[in-house]
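Asks:
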Amino acid sequence: MTDPGERLRSSLAADQAVGPDFDSPIAMEAMRATRVLHAADQDPFPAPGRIRVVTIANQKGGVGKTTSTVNLGVALAFYGLRTLVIDLDPQGNTSTALGVAHTIGTPSIYDALVGDNTLAEVTHPTTASPNLFCVPATIDLAGAEIELVSVVAREHRLRRAIETYLHELPATERPHYVLIDCPPSLGLLTLNALVAGDEVLIPIQCEYYALEGLGQLLSNIDLVRQHLNPGIAVSTILLTMYDGRTKLADQVADEVRNHFGDLVLKSAIPRNVRVSEAPGYGQSVLTYDPGSRGSTSYVEAAREFAERGALLPAATAQPTTPPPPPPVAGPPSVAAMVLGEPATAPTPRGRHAT
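The sequence shown: position 141 = 141 (UniProt numbering), numbered continuously.
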């Protein structure tokens, strides 16, 4: 008859001989979470050749624009890149997701666009990372378009604020990335963001209706490039809310990749409940559930985005003073379509090197 003690000792020895099961879903998620949370201990993302001012725009709502701004910003900051996020949507969802207060009276982007505050005076730190800063939006921003109609060079207000901000910062403190989250419209706020940016990132939801209106956005970007900002260009397309279980998602993804080619990031953001839950806790998905598929997908998208930025040529201009205000008169541009009035002429551009 077998000794029960011997059976127990044999069982324990067998359990110890089998290593931890890293193939289980829980173990894999724990490993992914560890990689995200200890990003600083890993290889950092490469720094861009120059400061990248990226306008994240799509006039269609619900495509993941704000979510992508927040999570790309946090991922870049986690992996060593100084990042400034500007919330240009009066709803203030970006500010909420980054845990930055945006109640009435909070110094915000409204005060820099309409008031006399500098961008530095309305920039707030975030709890997500010491590398990440946010310029919040308050409900006051909802009236900014009306208030700016009579302002000289109204299309250039944000660009001037950003360039002055970069000029006044020491070189070691300048952000590598400035991400501008636009409202879901093609009004004056979005126009300011397009004039201020060097490049445009367009999130596209992997659903049929997400493609509607994209042509109008691209046309307006082209008008801005012709008349207000010669340097603006669409640099990146990010596929969001991808559901590999549906044929429609694959069809939309294939159509977008065929049309835009290398502009489309290889990393697509899947549908993931954690991505939707995180803003309710004032967090990005990287801090809310770092091991989730949504978190790791945004990290990979940010890595790919940063690696593309590392290939950019270094800045050639090093202005010693902020550029002068643009002249009042100028050729008609997209502002004429949006506001029904002629726009002002552009001024020479130049970014500080990182």
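Positions of the beta carbon are idealized from the N, C-alpha and C atoms, including for glycine.
(1) Name the residue from D262, G291, L263 whose alpha carbon lies nearest to the alpha carbon of V275.
(2) Nearest to T138 by CA position, among P230, R293, D89, is which residue?
(3) To which residues does DSSP link C134 through a beta bridge?
(4) Just to confirm my understanding: we take N71, look at its own chain, exclude 5 residues before and 5 after, and list those with CB closer than 7 Å. What are they?
(5) Among L312, Q205, S295, R308, which has the Cα closest to the Cα of F78?
(6) For G80 and F45, what's the separation of their Cα atoms in angstroms?
(7) Among V224, L311, E207, L214, which one has its Cα closest to the Cα of N192?
(8) Does the separation of the CB atoms of P48 and H176 fall below 7 Å?
(9) Suppose contacts are defined by Cβ-Cβ distances below 7 Å. Is H124 in contact with V100 by that definition?
(10) For N272, which option in P313, L169, R245 has the closest C-alpha, if you only look at C-alpha atoms?
(11) Does DSSP classify D198 as helix, strand or coil?
(12) According to DSSP, T240 sits in a beta bridge with which residue or residues?
(13) Mark H259 as exposed unless 16 or more other C-beta atoms lie within 10 angstroms of its C-beta, in which case mark it buried.
(14) On the three-pair Cβ rule with 8 Å, is the region 246–255 touching the region 196–208?
(15) In whole angstroms, what is the alpha-carbon distance linking V63 and A153?
(16) Pair every Cβ in the region 187–202 with every Cβ in the region 101–108, then say whether three or more of these pairs are closer than 8 Å.
(17) Classify Y177 as helix, strand or coil using the three-state DSSP reduction.
(18) Is the beta carbon of L194 sitting closer than 7 Å to the one on T55?
(19) Anyone know if the C-beta pair for V122 and V135 falls short of 7 Å?
(20) Are the Cβ atoms of Y110 and A144 separated by less than 7 Å?
(21) Is V328 buried or exposed, if buried means 16 or more other CB atoms sit within 10 Å of its CB?
(22) If you count every other CB in all the chains shown that lies within 10 Å of the CB of P313, and 16 or more means buried, which is it?
(23) Taking the alpha carbon of A171 as the point to measure from, which residue in I269, R50, P183 has its own alpha carbon closest?
(24) Ignoring anything shorter than 4 residues or poking outside the region 286–319, list the alpha helix (DSSP H) runs there in chain order.
(25) Let me make sure I understand the geometry here. Which of Y165, T94, A112 has the alpha-carbon closest to that of E147?
(26) Taking the straight line between their C-alpha atoms, what separation do you get for L186 and H167?
(27) Going by beta carbon distance, what residues of the same chain come within less than 6 Å of K60, once the five residues before and after it are set aside?
(28) Please confirm whether A302 and A75 have their CB atoms less than 7 Å apart.
(29) For Y165, count neighbouring C-beta atoms within 10 Å of its own C-beta (all shown protein chains included) and say buried if the count is 16 or more, exposed if not.
Replies: Looking at the atomic coordinates:
(1) G291
(2) Checking every option, the nearest Cα to that of T138 belongs to D89.
(3) Within the DSSP secondary-structure output, C134 pairs in a beta bridge with V85, H124.
(4) S284, V285, L286, Y298
(5) S295
(6) 7 Å
(7) V224
(8) yes
(9) yes
(10) R245
(11) coil
(12) Q205
(13) exposed
(14) yes
(15) 31 Å
(16) Too few Cβ pairs lie closer than 8 Å, so no.
(17) Y177: strand per DSSP, three-state reduction.
(18) yes
(19) yes
(20) yes
(21) Any reading at V328 is ruled out, since the residue's pLDDT is 37, under 50, leaving its predicted position unreliable.
(22) Result: exposed.
(23) R50
(24) 293–309
(25) A112
(26) In this structure, the alpha-carbon of L186 lies about 29 Å from that of H167.
(27) G213
(28) yes
(29) buried
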